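> Just so you know, the sequences run in chain order R and V.
Going by the numbering used here, the first sequence opens with residue 32, and the numbers climb by one from there.
Going by the numbering used here, the second sequence opens with residue 329, and the numbers climb by one from there.
Where is the CB? At the ideal position from N, CA and C, for every residue including glycine.
In this text, all values refer to a predicted model and were calculated from it rather than measured experimentally.
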Amino acid sequence: MEIKEVNIENIAQYCIENVFGTTTDKSGFVHLDFGKDIDSYQFRGIMVDLKKELSKYTTKTIQ
Amino acid sequence: MTYHWLVRFDQQVNTPYHIDNAGDQSFLMLGYEPSEIDSELYLADYFKYANEGEARPTDYLKNFSPVFISDESLLAPFITKVKPFEKDTYKIVFINNSNPKLDRETLGVFHRARIVKPDLIKSRIVNSMIMNMLPEDENSESEINEKEFIMTDVISK
Numbered sequence: 032m033e034i035k036e037v038n039i040e041n042i043a044q045y046c047i048e049n050v051f052g053t054t055t056d057k058s059g060f061v062h063l064d065f066g067k068d069i070d071s072y073q074f075r076g077i078m079v080d081l082k083k084e085l086s087k088y089t090t091k092t093i094q
Numbered sequence: 329m330t331y332h333w334l335v336r337f338d339q340q341v342n343t344p345y346h347i348d349n350a351g352d353q354s355f356l357m358l359g360y361e362p363s364e365i366d367s368e369l370y371l372a373d374y375f376k377y378a379n380e381g382e383a384r385p386t387d388y389l390k391n392f393s394p395v396f397i398s399d400e401s402l403l404a405p406f407i408t409k410v411k412p413f414e415k416d417t418y419k420i421v422f423i424n425n426s427n428p429k430l431d432r433e434t435l436g437v438f439h440r441a442r443i444v445k446p447d448l449i450k451s452r453i454v455n456s457m458i459m460n461m462l463p464e465d466e467n468s469e470s471e472i473n474e475k476e477f478i479m480t481d482v483i484s485k
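1) On a Cα-Cα basis, can you pick out the residue from I483(V), M357(V) and D338(V) that is closest to N460(V)?
2) Consult DSSP for G381(V) and reduce its assignment to one of helix, strand or coil.
3) Could you list the residues in the stretch 70-82 of chain R with a C-beta less than 9 Å from some C-beta on chain V, going in chain order?
4) Considering only DSSP beta bridges, list what I443(V) is partnered with.
5) What residues in the stretch 366-377 of chain V bring their beta carbon closer than 7 Å to a beta carbon of chain R?
6) For I472(V), which residues in the same chain have their Cβ closer than 7 Å to its Cβ, ignoring the five residues on either side in sequence?
7) I need the DSSP call for V79(R), collapsed to helix, strand or coil.
8) When DSSP builds the beta bridges, which residues end up paired with K419(V)?
9) V444(V): buried (16+ other C-beta within 10 angstroms of its C-beta) or exposed?
10) Closest Cβ-Cβ distance between K153(R) and chain V: below 9 Å?
11) Can you give me the C-alpha to C-alpha distance between N49(R) and S354(V), rounded to a whole angstrom?
12) Are there 16 or more other CB atoms within 10 angstroms of the CB of E361(V), so buried, or fewer, so exposed?
13) For L403(V), collect the residues of the same chain with a Cβ closer than 7 Å to its Cβ; drop the 5 residues on either side in sequence, then sort them by chain order.
14) In this structure, how does DSSP classify Y388(V) when only helix, strand and coil are distinguished?
15) Are D352(V) and V454(V) touching if we call contact CB-CB under 9 Å?
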């Protein structure tokens with residue numbers, strides 16, 4: 032999926048729907064392309080932010 | 329979710345189909361930086377293979393191995409090639425890395441990297457994060473320094 036606007040909540044939701052599946056009709060992975068207009072530091076920040084957002088979901092789910 | 333590892337490395341290594349060594353319920357986030365090195369990433373659904381594959385052992389999941397050591401052509405119907413894999417953009421591939429324990433909550437897939445034409449003079453930087461999904465009472469966040477990961481210019485070889 033091409034990411035035109037970095038909205039971590041939306042990206043996390045897309046990851047949850049496709050990667051956290053319990054049946055094989057989900058792919059088990061997602062591919063996100065952020066284009067060329069960011070730098071390495073911003074990119075790594077996105078990775079950390081995405082992990083935090085995903086953690087919110089799993090904390091809610093498995094309690 | 330807790331960090332299992334958070335690293336950045338410069339790597340041009342082909343791998344077999346495998347899951348990474350982490351928690352039973354774990355997730356791998358690969359962050360690819362722009363690189364002139366052509367590479368490919370393949371995912372294989374080992375649950376579909378276990379249930380539908382020809383010539384798969386009947387107890388495949390019970391005796392699951394984190395590395396697929398049989399003839400890879402057996403996995404062919406269950407493989408997805410990640411594409412397009414542009415050379416000049418920043419990309420994340422987020423993968424379910426879980427293993428098939430009986431009390432599993434989500435389903436993992438194998439991944440395999442292929443470097444089309446290695447050239448060690450050039451770099452291929454991959455940021456790699458694995459996180460384990462644990463019940464909150466087992467959730468002991470390890471000493472991972474996120475700020476250092478974001479700001480560092482150090483790249484492991």
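To lay it out plainly:
1) The residue labelled residue 460(V) in the question sits at position 132 within the second sequence. Of the listed residues, the one whose Cα sits closest to N460(V) is M357(V).
2) Translated into the one-based positions of the second sequence, residue 381(V) becomes position 53. Coil.
3) Listed by position along the chain: D70, S71, Y72, Q73, F74, R75, G76, I77, M78, V79, L81 and K82.
4) The count along the second sequence starts at 1 and reaches residue 443(V) at position 115. Bridge partners of I443(V): S367(V).
5) L371, D373, F375 and K376
6) On the second sequence, position 144 is the one that residue 472(V) refers to. Y331 and L334, listed in sequence order.
7) Your numbering for residue 79(R) matches position 48 in the first sequence. V79(R) falls in the helix class under three-state DSSP.
8) Here the question's residue 419(V) lines up with position 91 in the second sequence. K419(V) pairs with D64(R) and Y360(V).
9) The residue given as residue 444(V) occupies position 116 in the second sequence. In the assembly as shown, V444(V) is an exposed residue. Its beta-carbon has fewer than 16 other beta-carbons within 10 Å.
10) Summary: the structure shown does not reach residue 153(R), with chain R confined to residues 32 through 94, and so no result is reported for it.
11) The residue given as residue 49(R) occupies position 18 in the first sequence. The residue given as residue 354(V) occupies position 26 in the second sequence. Approximately 15 Å, taken between the alpha carbons.
12) The count along the second sequence starts at 1 and reaches residue 361(V) at position 33. That one is buried.
13) Here residue 403(V) is taken as the residue at index 75 of the second sequence, counted from 1. Cβ within range, chain order: Y345, A372, Y377 and F396.
14) Counted from its first residue, the second sequence places residue 388(V) at position 60. Y388(V): coil per DSSP, three-state reduction.
15) In the second sequence, the residue the question calls residue 352(V) occupies position 24. In the second sequence, the residue the question calls residue 454(V) occupies position 126. No, they are not a contact pair.
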